[in-house]
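Here is the structure we will look at, set down as structure tokens.
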Amino acid sequence: MKKVYSRPRSLKETHFHYCPGCGHAIVNRLLAEVVDEMDLRDTAICVAPAGCGMLVYNYFDIDTLESAHGRGAAVATGIKRVRPENLVFSYQGDGDLAAIGTAESFHAANRGELITVIFVNNGVYGMTGGQMAPTTVIDQVTTTTPGGRASDQAGHPVRMCEVLAVLDGTSYLERVAVNKPAAIVAAKKAIIKAFQHQLNRTGFSMVEVLSPCPTNWKMGPIEACKWIDDVMTKHFPLGVVKEVKC
Amino acid sequence: MKGYIEIDQERCKGCSFCIEYCPKNAIALSNKLNLKGYFVVDFQADKDCNGCAVCALMCPEVAIEVYRGGSN
């Protein structure tokens, strides 16, 4: 029999540290597959975040640089400007990109930096124990919103794709999910497209990935995937938010 | 048998995504513990796996290798 699926080459043999059912691991694998398929192993540079995804340099077998918390887009800007021939992408969570790093992300997008941001949105601060994030949906229970997020006290969930879509520097913004097989296939296509936008030098590209966090959502892994469909996508509609001609 | 899978049980964390999405119900949770302390999943060889690879697509731990094709 023929082997039809095995571990991508760009993913090291290291075991993931993520919790059971965590979407980060799926996104890590998709990125490694895309890097392999687009033959970017020698040229891709990843910028790692602070947060649950901070150990991606242990998993990717490509050059990876750790950034200060939230400064992924700024660090990626620096790398891309000195090494324009390389594909540079930052891997960031919602606390990293949409809270502490809002300024860096926003202005990198506004400058139209030729980088790709992979934004893993799970609606909570995962690594620190499940506190409310800017992307926590209304009525979602977290450790800092035990009665559910109330908009009069804690504001509304931030839709980063839509926020960045109004900027002229952005060229490709799509929101995908990794909660079921069809969604994972779509997520991979979105990552490929975002990388193509960078390689064609059309502008800033970002893929927002709705990702299950069963541990901090206090759900089973299957239930967490269902919750993305039932609740999260109502606040964060899936699909291409902006695409300019590539 | 049209296909089969190999599960690296030391990687498995028992999230059961593969069980949920397997169209042939060819994967089941076992009562085996791995070194990490998770109950791991087992392949059911008698359940007519066709090597569709949906389990591998869903597996967050990249613990599944899929084989498909003739009977060699």
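Here the protein sequences line up with chains A and B, keeping their order.
Per the working numbering, the first sequence runs over residues 128 to 373.
Per the working numbering, the second sequence runs over residues 3 to 74.
Positions of the beta carbon are idealized from the N, C-alpha and C atoms, including for glycine.
Measure the CB-CB distance between residue i and residue j and report whether it falls below 8 angstroms.
{"i": "Leu192/A", "j": "Val202/A", "result": "yes"}
{"i": "Gly197/A", "j": "Gly239/A", "result": "no"}
{"i": "Ala260/A", "j": "Ala281/A", "result": "no"}
{"i": "Thr272/A", "j": "Thr263/A", "result": "yes"}
{"i": "Val303/A", "j": "Leu224/A", "result": "no"}
{"i": "Pro339/A", "j": "Pro147/A", "result": "no"}
{"i": "Val64/B", "j": "Arg168/A", "result": "no"}
{"i": "Val244/A", "j": "Ser232/A", "result": "yes"}
{"i": "Ala235/A", "j": "Thr204/A", "result": "yes"}
{"i": "Tyr218/A", "j": "Pro176/A", "result": "yes"}
{"i": "Val161/A", "j": "Ile319/A", "result": "yes"}
{"i": "Met346/A", "j": "Cys288/A", "result": "no"}
{"i": "Val174/A", "j": "Gly199/A", "result": "yes"}
{"i": "Phe363/A", "j": "Asn248/A", "result": "yes"}
{"i": "Gly330/A", "j": "Val268/A", "result": "no"}
Would you mind reading off the limits of the beta strand (DSSP E) that contains residue i?
{"i": "Arg302/A", "result": "297 to 304"}
{"i": "Phe19/B", "result": "Where Phe19/B is concerned, there is no enclosing beta strand (DSSP E), although the alpha helix (DSSP H) it sits in stretches over 19 to 23."}
{"i": "Cys136/B", "result": "Since the first residue shown for chain B is 3 and the last is 74, residue 136/B is missing from the structure and cannot be characterised."}
{"i": "Val215/A", "result": "214 to 220"}
{"i": "Asn33/B", "result": "29 to 35"}
{"i": "Val368/A", "result": "366 to 370"}
{"i": "Glu240/A", "result": "Taken as a continuous stretch (DSSP letters only), Glu240/A belongs to no beta strand (DSSP E), as it is neither H nor E."}
{"i": "Glu193/A", "result": "190 to 193"}
{"i": "Ser133/A", "result": "From DSSP, Ser133/A is part of no beta strand (DSSP E); its letter is neither H nor E."}
{"i": "Phe41/B", "result": "41 to 45"}
{"i": "Cys14/B", "result": "Note, Cys14/B: premise wrong, no beta strand (DSSP E); not H, not E."}
{"i": "Val68/B", "result": "66 to 70"}
{"i": "Gly5/B", "result": "5 to 9"}
{"i": "Ile172/A", "result": "171 to 175"}
{"i": "Leu337/A", "result": "331 to 337"}
Write down the C-beta distance between residue i and residue j rounded to the nearest angstrom, noting that I regard them as a contact closer than 8 angstroms.
{"i": "Ala58/B", "j": "Tyr132/A", "result": "4 angstroms"}
{"i": "Ala321/A", "j": "Val336/A", "result": "Not quite, the Cβ-Cβ distance comes to about 11 angstroms (not below 8 angstroms), so this is no contact."}
{"i": "Gly220/A", "j": "Gly180/A", "result": "6 angstroms"}
{"i": "Gly253/A", "j": "Gly178/A", "result": "7 angstroms"}
{"i": "Asp357/A", "j": "Asn306/A", "result": "Not quite, the Cβ-Cβ distance comes to about 10 angstroms (not below 8 angstroms), so this is no contact."}
Quick one: residues in its chain with C-beta nearer than 6 angstroms to the C-beta of residue i, no 5 flanking neighbours on either side, listed in chain order?
{"i": "Ala292/A", "result": "Leu300, Val368, Lys369"}
{"i": "Ile172/A", "result": "Asp190, Ile206, Asn213, Val215"}
{"i": "Pro211/A", "result": "none"}
{"i": "Tyr23/B", "result": "Val56, Met60"}
{"i": "Glu8/B", "result": "Glu67"}
{"i": "Ala159/A", "result": "Pro135, Ser137, Leu138"}
{"i": "Leu241/A", "result": "Lys207, Gln325, Arg328"}
{"i": "Lys34/B", "result": "Val42"}
{"i": "Ser194/A", "result": "Val174, Val202"}
{"i": "Cys352/A", "result": "Asn306, Pro339"}
Following the continuous alpha helix (DSSP H) through residue i, name the residue where it begins and the one where it ends.
{"i": "Ala436/A", "result": "Not covered by the structure: residue 436/A. The range shown for chain A is 128 to 373."}
{"i": "Thr204/A", "result": "199 to 209"}
{"i": "Leu158/A", "result": "150 to 164"}
{"i": "Ser278/A", "result": "278 to 281"}
{"i": "Glu289/A", "result": "287 to 292"}
{"i": "Glu350/A", "result": "348 to 354"}
{"i": "Val312/A", "result": "308 to 326"}
{"i": "Asn52/B", "result": "Asn52/B -> no alpha helix (DSSP H), and no H or E assigned at all."}
{"i": "Pro261/A", "result": "Taken as a continuous stretch (DSSP letters only), Pro261/A belongs to no alpha helix (DSSP H), as it is neither H nor E."}
{"i": "Pro341/A", "result": "341 to 344"}
Note down, in chain order, each residue of its chain lying with its Cβ closer than 8 angstroms to the Cβ of residue i, except the 5 sequence neighbours on either side.
{"i": "Asp163/A", "result": "Pro135, Arg136, Ser137"}
{"i": "Lys38/B", "result": "Glu12, Lys15"}
{"i": "Tyr40/B", "result": "Cys14, Lys15, Gly16"}
{"i": "Gly5/B", "result": "Cys51, Asn52, Gly53, Cys54, Val68, Tyr69, Arg70, Gly71"}
{"i": "Ser18/B", "result": "Leu31, Val43"}
Can you list, in chain order, the residues of its chain whose CB lies under 7 angstroms from that of residue i, leaving out five sequence neighbours each side?
{"i": "Cys20/B", "result": "Ile29, Val43, Cys57, Met60, Cys61, Ile66"}
{"i": "Ser278/A", "result": "Ile265"}
{"i": "Asn27/B", "result": "Lys49"}
{"i": "Gln323/A", "result": "Cys373"}
{"i": "Asn36/B", "result": "Gln11, Glu12, Cys14, Val42"}
{"i": "Pro308/A", "result": "none"}
Consider the C-beta atom of residue i and the heavy atoms of the ligand FAD; say whether any pair is separated by less than 7 angstroms.
{"i": "His151/A", "result": "Of the ligands one can find in the structure shown there are none, so the ligand FAD has no counterpart to examine."}
Item to check | Residues of the segment 22 to 33 of chain B with Cβ closer than 8 angstroms to any Cβ of chain A, in chain order | outcome: Glu22, Tyr23
Item to check | Within 8 angstroms of chain A by C-beta, residues of the segment 47 to 60 of chain B in sequence order | outcome: Gly53, Ala55, Val56, Ala58, Leu59, Met60
Item to check | Contact residues within the segment 152 to 171 of chain A, judged by C-beta distance below 7 angstroms to chain B | outcome: Ala152, Ile153, Arg156
Item to check | chain B contacts from the segment 337 to 352 of chain A (Cβ-Cβ distance under 7 angstroms) | outcome: Pro348, Ile349
Checklist entry - What residues from the segment 131 to 152 of chain A come within 9 angstroms of chain B, judged by C-beta to C-beta, listed N to C? => result Val131, Tyr132, Ser133, Arg134, Pro135, Leu138, His142, Phe143, Tyr145, Cys146, Pro147, Gly148, Cys149, Gly150, His151, Ala152
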